[in-house]
Amino acid sequence: MILIKLGGSVITDKSQFKKFDNERAKRLCREIAESGKPVIIVHGAGSFGHVLAKKYSIQNGLVNRDQIPAAAQVHHDAMELGLLMTQTLINSGIPAASVAPGSCFVMEDGRIVPDNLEAIKSLYDMGIMPVTFGDVVMDRVNGFGIVSGDQMMEIMADIYKPERVIFVSDIDGLYTANPKTNPDAELIPEFDTETLKDVSSESNVDDVTGGVRGKMEAMLRICDEGRDCVLVNGTVPGRLLSLLRGEDVVCTVARM
Ligand code: IP8
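Start counting the sequence shown at 4; every next residue gets the next number (the working numbering).
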C-alpha cells in the first residue's frame, strides 16, 4: 500500500479563501486511479484551514472564548474540503470516505493519540479508502489544537505500514533555499538528518503548521528500512503517475 499526502498547496488555491482547485484535484485522483496501486490519501487544509486558524490562533489551544466559533468554523471548512476530495475520488472510480481526525483520535497537549480506530480500520477492510486530513481536534490539555496532514501521515504510516510514502506538493522537492524567492536555490535529490542541517529553515508564514523543514522532519520520521519517503511536485501533470509506476522522476527522497 502507498500512503499519499495531497498538500493543501496542490488541491486548493492558497491565495484565495476556501478555493478548491477542482481541475488539479481531478487530475491527481485520475493519476492515482490509473496507477492501479492500492493507496490511502491524507490531505492538507490549504486555504480552507490556515487563513481562519491563523487569525484566531487555533493552533495555540483555547485561550479565550472568542476562538470557539472560529474553531467550529475551521473544522466545518476542513470537512467541506474533505467532502470535495472524496467526491473527486469517487468520481475517479475510487470508493472513499472522509474521516475527520477527531472521530478517531484525540490530542494530549499537542500530541495526536488514537482514540477509537474501529471506523477507519473497517472502512479500509471493506475496500473504502479512509481519507483523513489536517483539522481542528479536541485536546485533553489545551481544549483544542490543530493536527496537520503531516502529523496524520505519521499516524497513518504507523497504522497501515505502507511500503512507500509520497508527499505531493507544489515544489519539485527540497531545495538548498526557497526556490520561489532565491534563483540560486538547487534541488536536493536525497537527504537525511545530517544533510537537513544545512538546509535553509525558512518557513511559510501563512501556515499554522510549520513550513518545509517541519515536513522534512516528518518525512525522516516516517521513512524506515525498505520504506521510501518521497516529495514530488503535483502541479506537473503526469509526475505522480510516473512515480507511482516506479519510473524515475524529479523529486526528493528522504533516507534514514
Ligand atoms: O494543511 C492544517 O493541515 P496542513 C490543518 O496539512 C488546518 O498543514 C485546519 C489548518
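We treat Cβ as the ideally placed atom computed from N, Cα and C, and that holds for glycine.
When DSSP states are grouped into helix, strand and coil, Ala257 belongs to the strand group. Around the beta carbon of Ala221, 16 or more other beta carbons lie within 10 angstroms, which makes this residue buried. Listed in chain order, the alpha helix (DSSP H) elements of length 4 or more contained wholly in the stretch 101-162 are 121-129. Inclusion of Ile149 in the 7 Å shell around ligand 1 follows from its C-beta lying nearer than that to a non-hydrogen atom of the ligand. Straight-line measurement puts the Cα of Arg167 at about 29 Å from the Cα of Gln62. Exposed is the label assigned to Thr184, since fewer than 16 other Cβ atoms lie within 10 Å of its Cβ.
At least one heavy atom of ligand 1 is found less than 7 Å from the C-beta of Gly52.
Between ligand 1 and the CB of Val139, the shortest heavy atom gap is smaller than 7 Å.
A distance of 8 Å or more separates the beta carbons of Ser101 and Gly113.
The Cβ atoms of Met159 and Leu6 lie closer than 8 Å to each other. For Glu193, the pairing in a beta bridge is given by DSSP as Val256.
Boundaries of the alpha helix (DSSP H) harbouring Arg27: Asn25 to Ser38, taken from the DSSP string.
Between the C-alpha atoms of Tyr163 and Val215 there is a straight-line separation of about 25 Å. With a beta-carbon spacing of about 15 Å, Ala48 and Phe147 fall beyond the 8 Å limit used to define contacts.
Counting C-beta pairs with one atom in each stretch, the stretch 29-44 and the stretch 86-100 have three or more that are closer than 8 Å, which means they touch.
For ligand 1, no non-hydrogen atom lies closer than 7 Å to the CB of Asp142.
Using a cutoff of 7 Å, the CB of Asp173 does not count as near ligand 1, since none of the ligand's heavy atoms is closer than that. At least 8 Å separates the beta-carbon of Gln76 from that of Ser60. A direct Cα-Cα distance of roughly 15 Å separates Val252 from Ser38.
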